[in-house]
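J.:
Protein chains: 2
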Amino acid sequence: MESMMIYMPIAMAILGLIYMIIKQSWVMKQDSGDGKMKEISDHIYEGALAFLNAEYRLLSIFVVIVSVLLAVVAYFVPTTSYLIVIAFICGAIFSAFAGNIGMKIATKTNVRTTQAAKTSLPSALKISFGGGTVMGLGVAGLAVLGLTAFFIIFYKFVFMPDGWTNTEDMTLVLETLAGFSLGAESIALFARVGGGIYTKAADVGADLVGKVEAGIPEDDPRNPATIADNVGDNVGDVAGMGADLFGSYVATVLAAMVLGNYVIKDMGGNIDDAFGGIGPILLPMSIAGVGIIISIIGTLLVKINSNDAKEPEVMGALNRGNWVSIALVAAACYGLVTWMLPETMQMNFFGEGTIEVSSMRVFYSTLVGLFVGAVISSVTEYYTGLGKKPILKIVQQSSTGAGTNIIAGLATGMISTFPSVLLFAAAIWSSYALAGFYGVALAASAMMATTAMQLAIDAFGPISDNAGGIAEMSEQDPIVRERTDILDSVGNTTAATGKGFAIASAALTSLALFAAYVTFTGIDGINIFKAPVLAMLFVGGMVPVVFSALAMNAVGKAAMEMVEEVRRQFKEIPGIMEGTGKPEYDKCVAISTKASLKEMMLPGLLTIGFPLVIAFVPLLFGMHHLAVAEMLGGYMAGVTVSGVLWAIFQNNAGGAWDNAKKSFEAGVEINGEMTYKGSDAHKAAVTGDTVGDPFKDTSGPSMNILIKLTCLIGLVIAPILGGHADTGVAHTEDVTIEKQMVADSNVAEAVIIYTIVVNGETVVKTETFKGVKTDVETKIKAFEADNNARIEADKKIIKSVNVKKG
Amino acid sequence: MESMMIYMPIAMAILGLIYMIIKQSWVMKQDSGDGKMKEISDHIYEGALAFLNAEYRLLSIFVVIVSVLLAVVAYFVPTTSYLIVIAFICGAIFSAFAGNIGMKIATKTNVRTTQAAKTSLPSALKISFGGGTVMGLGVAGLAVLGLTAFFIIFYKFVFMPDGWTNTEDMTLVLETLAGFSLGAESIALFARVGGGIYTKAADVGADLVGKVEAGIPEDDPRNPATIADNVGDNVGDVAGMGADLFGSYVATVLAAMVLGNYVIKDMGGNIDDAFGGIGPILLPMSIAGVGIIISIIGTLLVKINSNDAKEPEVMGALNRGNWVSIALVAAACYGLVTWMLPETMQMNFFGEGTIEVSSMRVFYSTLVGLFVGAVISSVTEYYTGLGKKPILKIVQQSSTGAGTNIIAGLATGMISTFPSVLLFAAAIWSSYALAGFYGVALAASAMMATTAMQLAIDAFGPISDNAGGIAEMSEQDPIVRERTDILDSVGNTTAATGKGFAIASAALTSLALFAAYVTFTGIDGINIFKAPVLAMLFVGGMVPVVFSALAMNAVGKAAMEMVEEVRRQFKEIPGIMEGTGKPEYDKCVAISTKASLKEMMLPGLLTIGFPLVIAFVPLLFGMHHLAVAEMLGGYMAGVTVSGVLWAIFQNNAGGAWDNAKKSFEAGVEINGEMTYKGSDAHKAAVTGDTVGDPFKDTSGPSMNILIKLTCLIGLVIAPILGGHADTGVAHTEDVTIEKQMVADSNVAEAVIIYTIVVNGETVVKTETFKGVKTDVETKIKAFEADNNARIEADKKIIKSVNVKKG
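Here it is in structure tokens:
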């Protein structure tokens, strides 16, 4: 059984996808309502498809360019394989396909939810959450399927057809696999940023001319931008979020695999386990696989029975599913970790030497990840939730005008970084202390195991929002809108907490990628006391800030185009305001599509261009490749730290403003007086929400992709910069081992110096052992004994390079 | 002459102070106008004094607490001296005294400027700029006087009475001297933060009730908060900015001295020059000393002749003075560097070994600093200047409401980090590449050399602003206000560029302190691949964000108290609106004073508490002191990177909103139509300015102090964490040198291992030489020859510790 474990994740992924197809056909079989409803839904469906098609056209150009670049790199750098191009293209296709499934099901489920809401709330929840489940399983299933399939192909058929050889070969496998992750994350960049611009441009355009200038209500069918607005909800919140988590999922598991390989290396390059010697590498894949099944169980628990249920019951049903799946993942982690890992492992802690780590400590790391995932949602909920202190304060400050409302919202977003960052810092520290960077990566893997469930909870929000829109546009009974509003309201909360989860996952994923990068390049670490590294830390810190500004400006520009189009239609189409003239919805959809795709170019270029410039310009000027690797590492750290901060700040400030505005709908008490919609204070709150919209839906969520993609690009170019580029083509010709011990002391230090010949050039390498004298002696003996093995290993690498190139 | 150079800076400082006294008495002799003007001016003077006295009372408690803490540390840690307490107290007193001089002269000059404006613009400029000059020279003179006097006392009379001994003793001198810098920066924290809160609370309070609710113009004498508002200009812009630059000045020179000491260490611990062997340490002091005289020359060039002059002529006069002083500093740097430094130096570049650096390369570093100081002002000017593209865009976006105005302002501030950070990064990199961290510190020193001139330009703004206020309140001829408005308008521009200069100085100072910290602790560098260090990088990045939020909230709270008081007075004092009842100005002043001092506590605690917690809690839990030192270094880097970003973002966004609002005064073209004050677009711009006020005057400028103080606290506790705490009490008992060379290779590496006994415990130390074989051989010989010297040096440290403790 153990030897078959490599196929377990793929089996689970396929099971998940089968369940998805069953669920999908069940949703599709539901009644999609009368003619008007169907017509509106079709408009949304077509608009969404139009966006996706336009996006995919653009992306295929992008994919071709990057593929050529990767092929060129593979040609010139002997340690990289052409197969990375295939992996990259498939990563992009899988991610796009997952987005496609999500968008299609979301735009088909919305009208069915409206129809179900005519009869009862429980069935409306069942359908909308069913749509979300399809989306979640599609993303998670394809992510695991793609990643594990490529791993098996590269491992079993290309690089190590005869079974485990050594960690260097496995590094080649994983470096090639990084292409899949890069492809997925590239799609995510454009889906998140483009989607974010799309949704806000349509929203602002529809509101500014429709609500404010023409005085017609939200989702009014006379508003030409209303379809674009509803498409936007799907494009941004469904496809964008899906691509984001698809990327995180793949990257997290990959990073954990890379670090698992380094655990094997630290243990001497070989472990003798029942899993073909790759237990630590298989573990994150297995957790991901089991997570899919657990998510299915979780989704089955989400249901309500009473037709009179309100928000708390719906929220309760979602929470039940969520908590149960988290608990099951914890249990599964215990089982998998103790089964798949050696009871004790040796891990090399930077600056502390090799430390014995028990498999239980790895399990505790996974608990850290699950804890962070759960707590970050509560933190987000506190700072952005209706009725909570921060929101009440913003409401209070709205009474003195828009200026004080804005200040209060900004301050709330800023303050919210305090608990979030302390939580992340504690998580990094503790999971590292438990099991090194492998622990950090497994914490992230455990947290991401429930991705399918998280996405189901997340996607049901915009579906319900759309359902409400369709009810409004097709002029249904008020009871229908009331029911969808309950779902929508819960969806707003889950949207905020889902963003918290997405940030946490991006942060931990980036750290794991960062650690994988350092191990890939073989640098000693990233020392910010070197001025070029420090300078790049500064530059990296600046990029998320500028990226956010570009995204916000993009929304502004795209919205202005939308405003002009809506104004034009109101003026030129006769009878449009009376409901006799038909608005040209497709023109608005086209504008949003075109503008968002155009405007995402510059931020995209910034994200991809900066790391490439930092890596290649100094190389061209003759800087040493390891120095460049360290600089790029500094840049990655800067982007991650600053990106996480700006993500939290912008998401929470945006969420807080949104709910401060919504507070006025039920009425709020300001200085002892009840204040409602339409008051001056409410107007101030609306201004705050206008500022918050691009914060929370465009620039804030884009930060996730920015930090992950930056670290992934680093990982992909790591072989070019890396130290193991040396040894990869090295031939150990001349090994001179010298050692010395310190006399008259219990403490001992031994330094072993040996030379290897890399491409004909002699390189001096040292290895240092420190500690109690007897330990050091043992280690020296092992090193000497290992000498022949090392020469063999170097030869092996040459062989495998030859195989790869042949 | 060379041997007397140590007294040169002190002589220059005294010269500067003498010139300051002459200038001061000249200003005081000017006509202070009629009864009403004098009365208002006296109110402002008394209000400012009341704030200063209240602040000093509070600060003396703070100084006592910190002094006790420092004394406790000095008692327990053998490598620190009790004298640091004296230095700390004097640093605080000197900084407070400099602030006092500035506030007094500013509040005396304002009315004299108003009086002079009755006759002519040139004499109004002469007087207001004269006041600024007094302020600038007071700050620079006292900074150089205090720092150099303490250096001479510690060096010549306490630690090395018989002349140069070794770099370890000099490290003790400089560590003790760090107390002076810490004292100065502590005062700056409270002056900047407290002043920032004060000025905005009074401003918002005066505007909200006076202008908006009661409909009376700005600076109307019937407004009870108007005096507090004018006091605030002095408290924030004069005393706050003065304390900020006082702190930067001292810290920069100190950091450069520390790094100069390490240059001597890298050169073998001894250089034989005409300056008593301390040329590299004296150089930054000398540049500062000469800078004072150069600044006096610069101020003499600031004058205009025509009474019909407008803003460009006034600006031109200021620019002339500024550019000439920068050019003179460049010339002086050339002379001093080539005269005082050895022609070539050996500097140890981390990871690259020892490199030969010519003194000319140090000179080029100073040019880098001067370049950054000049360019950052232009960058700031571009993003915040009237009529520039970013401002026009914000104006344009104001037409669609406050929301879009806010987004545009935020985006402008965010985008402005792009050129600024690239500039800083390029400066760090290039000055480091030229001459290591000594080069970075000297770049900062050169930039700061014109501090007196910069402050004169800076302080003249609020003086002119006040002069205009007095003209308004005492109901002078419109021509008087027109003239003061010209000065005020130029003052607004110089205020923005001055903030750019302050950020640049804070950034470079922090980097220099950071480098000094690493050398003080003796750690290998700061490796962010260690998870605890990375976690602290995150925490450090979060602190400026939370600090900013606290400062903004503080303004809100303090402003609310002011609003209530003004409302109360309008209601309760009979005849106040008719001008027959006298407003109780002092009550408003008292409220601003009390509120600002209360509200600055929490941010202050955050600033000081975080580094202490990070250093001492892990120590208590038994973490190794070098690991703690590295973590604290990570924290410092996080604060610096994030702090610089948030400083630029907030200052420039605030400045941009301010000038977007001001654009409406002259009228702006929006969509082809001229739009003026009172329009909807203008109202939107006013909202933006409300948000921008605390950004640019409270939280933004506080960032400078936050990052400098964080790095200084690190520097002061460095001896506790430091590696040289070991060797400080070490006795080299058992030196075993072993070495080995690699055969059959041109490249060689030698590792020398020796043990020393530290407090009875044996510690193994290694020293590694890499490079061409013959070089390595030479170095090993030098190391062996140096062995006896090293034992002597260790004995010496024991001796000097004994002397210190006796």
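Protein chains in written order, with my numbering: chain H, 3 to 808; chain Y, 3 to 808. The C-beta atom is built at its ideal place from N, Cα and C for all residues, glycine as well.
#1: Based on Cα-Cα distance, which residue from Y/Ala537, Y/Ala290, Y/Ile530 lies nearest to H/Leu536?
#2: Does the distance from the C-beta atom of Y/Asn236 to that of Y/Asn55 stay below 8 angstroms?
#3: Tell me where the alpha helix (DSSP H) around H/Glu601 begins and ends.
#4: Is it the case that the region 192 to 208 of chain H contacts the region 558 to 568 of chain H, given that we only count it when at least three CB pairs across the two stretches are under 8 angstroms?
#5: Taking the straight line between their C-alpha atoms, what separation do you get for Y/Ile650 and Y/Leu72?
#6: Taking only beta-carbon atoms, is Y/His726 less than 8 angstroms away from chain H?
#7: Rounding to the nearest angstrom, what Cα-Cα distance links Y/Gly762 and Y/Pro80 in this structure?
#8: Expressed to the nearest angstrom, what Euclidean distance is found between the alpha-carbon atoms of Y/Met137 and Y/Cys335?
#9: How would you call Y/Phe462, buried or exposed, if buried means at least 16 neighbouring beta carbons within 10 angstroms?
#10: Can you give me the C-alpha to C-alpha distance between H/Glu354 and H/Gly438, rounded to a whole angstrom?
#11: Between Y/Ala473, Y/Gly702, Y/Leu723, Y/Asp588, which lies nearest to Y/Gly624 when the distance is taken from Cα to Cα?
#12: In three-state terms, what does DSSP make of H/Ser476?
#13: Can you tell me whether DSSP reads H/Gly502 as helix, strand or coil?
#14: Counting C-beta neighbours from all protein chains within 10 Å, is the total for H/Tyr567 16 or more, i.e. buried, or is it exposed?
#15: Taking 8 angstroms as the CB-CB limit, is Y/Tyr366 close to chain H?
#16: What does Y/Phe99 touch in chain H if you count any residue whose Cβ is under 7 angstroms from its own?
#17: Where Y/Ser466 and Y/Gly375 are concerned, what is the direct C-alpha to C-alpha distance, given to the nearest angstrom?
#18: Would you be able to state if there are at least three C-beta pairs under 8 angstroms between the region 677 to 685 of chain H and the region 397 to 407 of chain H?
#19: Quick one: give me the first and last residue of the alpha helix (DSSP H) that H/Glu567 is part of.
#20: Please list the partners that Y/Val568 has in chain H, where partner means a Cβ-to-Cβ separation under 7 angstroms.
#21: Once you ignore the five residues that flank Y/Glu315 on each side, which residues in its own chain have a CB closer than 6 angstroms to its CB?
#22: Using CA coordinates, which residue listed in H/Pro585, H/Ala720, H/Met579, H/Gly371 is at the minimum distance from H/Val630?
#23: Runs of 3 residues minimum, wholly inside the region 335 to 415 of chain Y: which ones carry the beta strand (DSSP E) assignment?
#24: So who's on the other strand from Y/Val670, going by DSSP bridges?
#25: Mind pulling the chain H residues with CB within less than 9 angstroms of Y/Asn529?
#26: Rounding to the nearest angstrom, what Cα-Cα distance links Y/Tyr264 and Y/Thr521 in this structure?
#27: Is H/Gly196 near H/Phe90, with beta carbons less than 8 angstroms apart?
#28: Taking H/Tyr434 as part of the alpha helix (DSSP H), name the residues at either end of that continuous run.
#29: Checking contacts by CB at 8 angstroms: is Y/Met544 closer than that to chain H?
#30: Taking Cβ positions only, does Y/Met349 come closer than 8 angstroms to chain H?
#31: Counting beta carbon pairs with one atom in the region 11 to 28 of chain Y and one in the region 139 to 148 of chain Y, are three or more of them shorter than 8 angstroms?
#32: Mapping the DSSP letters down to three states, classify H/Asn468 as helix, strand or coil.
#33: Using a Cβ-Cβ cut-off of less than 7 angstroms, list which residues of the region 618 to 644 of chain H approach chain Y; keep chain order.
#34: Using 10 angstroms around the beta-carbon of H/Tyr77, count the other beta-carbons present and answer buried if the total reaches 16, otherwise exposed.
#35: Closer than 7 angstroms by C-beta to Y/Phe351: which residues in its own chain qualify, once you throw out the five before and the five after it? Chain order, please.
#36: Taking only runs that begin and end inside the region 236 to 311 of chain H, name each unbroken alpha helix (DSSP H) of 4 or more residues, in chain order.
T.: So, from the data block:
#1: For this step, residue 536 of chain H is matched to residue 534 along the first sequence. Looking at the Cα atoms, Y/Ile530 is the closest of the given residues.
#2: The sequence position of residue 236 of chain Y within the second sequence is 234, counting from 1. The sequence position of residue 55 of chain Y within the second sequence is 53, counting from 1. No. Outside cutoff.
#3: Position 599 of the first sequence, counting from 1, holds the residue named residue 601 of chain H. Looking at the DSSP string, the run of the alpha helix (DSSP H) that includes H/Glu601 is 587 to 601.
#4: They touch, by the three-pair rule.
#5: Position 648 of the second sequence, counted from the first residue, corresponds to residue 650 of chain Y. Position 70 of the second sequence, counted from the first residue, corresponds to residue 72 of chain Y. Taking the straight line joining both Cα atoms gives about 33 angstroms.
#6: Your numbering for residue 726 of chain Y matches position 724 in the second sequence. A caution first: Y/His726 carries a pLDDT of 43, below 50, which makes its placement in the model too unreliable to give a value.
#7: Counting from 1 along the second sequence, the entry for residue 762 of chain Y is found at position 760. Counting from 1 along the second sequence, the entry for residue 80 of chain Y is found at position 78. Residue placement at Y/Gly762 cannot be trusted, given a pLDDT of 42 that sits under 50; what the coordinates show is reported in the next sentence. Their Cα atoms are separated by approximately 15 angstroms.
#8: Counting from 1 along the second sequence, the entry for residue 137 of chain Y is found at position 135. Counting from 1 along the second sequence, the entry for residue 335 of chain Y is found at position 333. If I take the Cα positions, the gap works out to 25 angstroms.
#9: As a first step, residue 462 of chain Y must be located in the second sequence, where it is residue number 460. Classification for Y/Phe462: buried.
#10: Here residue 354 of chain H corresponds to residue number 352 of the first sequence, with the count starting at 1. Here residue 438 of chain H corresponds to residue number 436 of the first sequence, with the count starting at 1. Inter-residue distance for H/Glu354 and H/Gly438 is about 11 angstroms (C-alpha atoms, whole angstroms).
#11: In the second sequence, the residue the question calls residue 624 of chain Y occupies position 622. For the residues Y/Ala473, Y/Gly702, Y/Leu723, Y/Asp588, the minimum Cα distance to Y/Gly624 belongs to Y/Leu723.
#12: Against the first sequence, residue 476 of chain H aligns to sequence position 474. In the structure shown, H/Ser476 sits in coil (DSSP, three-state: anything other than H, G, I, E or B).
#13: Here residue 502 of chain H corresponds to residue number 500 of the first sequence, with the count starting at 1. Three-state result, H/Gly502: helix.
#14: Walking along the first sequence from the start, residue 567 of chain H turns up at place 565. For clarity, residue 567 of chain H is Glu in the given sequence; the question names Tyr instead. With 16 or more other Cβ atoms within 10 Å, it is buried.
#15: In the second sequence, counting from the first residue as 1, residue 366 of chain Y sits at position 364. Not closer than 8 angstroms to any Cβ of chain H, the Cβ of Y/Tyr366 fails to qualify, so no.
#16: Taking the second sequence and counting its residues from 1, the one referred to as residue 99 of chain Y is at position 97. By Cβ distance, chain H contributes nothing, its closest Cβ being about 35 angstroms from Y/Phe99, past 7 angstroms.
#17: Residue numbering aside, residue 466 of chain Y sits at position 464 when the second sequence is read from its first letter. Residue numbering aside, residue 375 of chain Y sits at position 373 when the second sequence is read from its first letter. Rounded to the nearest angstrom, the two C-alpha atoms are 25 angstroms apart.
#18: yes
#19: Position 565 of the first sequence holds residue 567 of chain H. Its alpha helix (DSSP H) spans residues 533 to 574.
#20: The residue you call residue 568 of chain Y lines up with position 566 of the second sequence. Going along chain H, no residue has its Cβ under 7 angstroms from Y/Val568, so there is no contact; the nearest lies around 14 angstroms.
#21: Here residue 315 of chain Y corresponds to residue number 313 of the second sequence, with the count starting at 1. Cβ neighbours of Y/Glu315 beyond the five flanking positions: Ile306.
#22: The residue labelled residue 630 of chain H in the question sits at position 628 within the first sequence. Out of H/Pro585, H/Ala720, H/Met579, H/Gly371, H/Ala720 has the C-alpha closest to the C-alpha of H/Val630.
#23: Residue ranges of uninterrupted beta strand (DSSP E) with 3 or more members, entirely inside the region 335 to 415 of chain Y and ordered along the chain, are 346 to 351, 355 to 360.
#24: Counting from 1 along the second sequence, the entry for residue 670 of chain Y is found at position 668. Beta-bridge pairing links Y/Val670 to Y/Thr677.
#25: Residue numbering aside, residue 529 of chain Y sits at position 527 when the second sequence is read from its first letter. At a C-beta separation below 9 angstroms, Y/Asn529 has these neighbours in chain H: Phe352, Gly353, Asp526, Gly527, Ile528, Asn529, Ile530, Phe531.
#26: Here residue 264 of chain Y refers to the residue found at position 262 of the second sequence. Here residue 521 of chain Y refers to the residue found at position 519 of the second sequence. When rounded, the distance between both Cα atoms is 8 angstroms.
#27: As a first step, residue 196 of chain H must be located in the first sequence, where it is residue number 194. As a first step, residue 90 of chain H must be located in the first sequence, where it is residue number 88. No, they are not a contact pair.
#28: Within the first sequence, the letter at position 432 stands for residue 434 of chain H. Element bounds for H/Tyr434: 419 to 450.
#29: On the second sequence, position 542 is the one that residue 544 of chain Y refers to. For Y/Met544, the answer is yes, since a Cβ of chain H falls inside 8 angstroms of its Cβ.
#30: By one-based count along the second sequence, residue 349 of chain Y stands at place 347. Chain H, which has no Cβ nearer than 8 angstroms to the Cβ of Y/Met349, makes this no.
#31: yes
#32: By 1-based counting over the first sequence, the position of residue 468 of chain H is 466. Helix at H/Asn468.
#33: Those residues of the region 618 to 644 of chain H that come within reach of chain Y (Cβ to Cβ, closer than 7 angstroms) are Ala639, Gly640, Val643, Ser644.
#34: Here residue 77 of chain H corresponds to residue number 75 of the first sequence, with the count starting at 1. So H/Tyr77 ends up on the exposed side.
#35: By one-based count along the second sequence, residue 351 of chain Y stands at place 349. Excluding positions up to five away in sequence, the list reads Ile357, Gly438.
#36: If we require 4 residues or more, the alpha helix (DSSP H) runs fully inside the region 236 to 311 of chain H come out as 243 to 268, 281 to 302.
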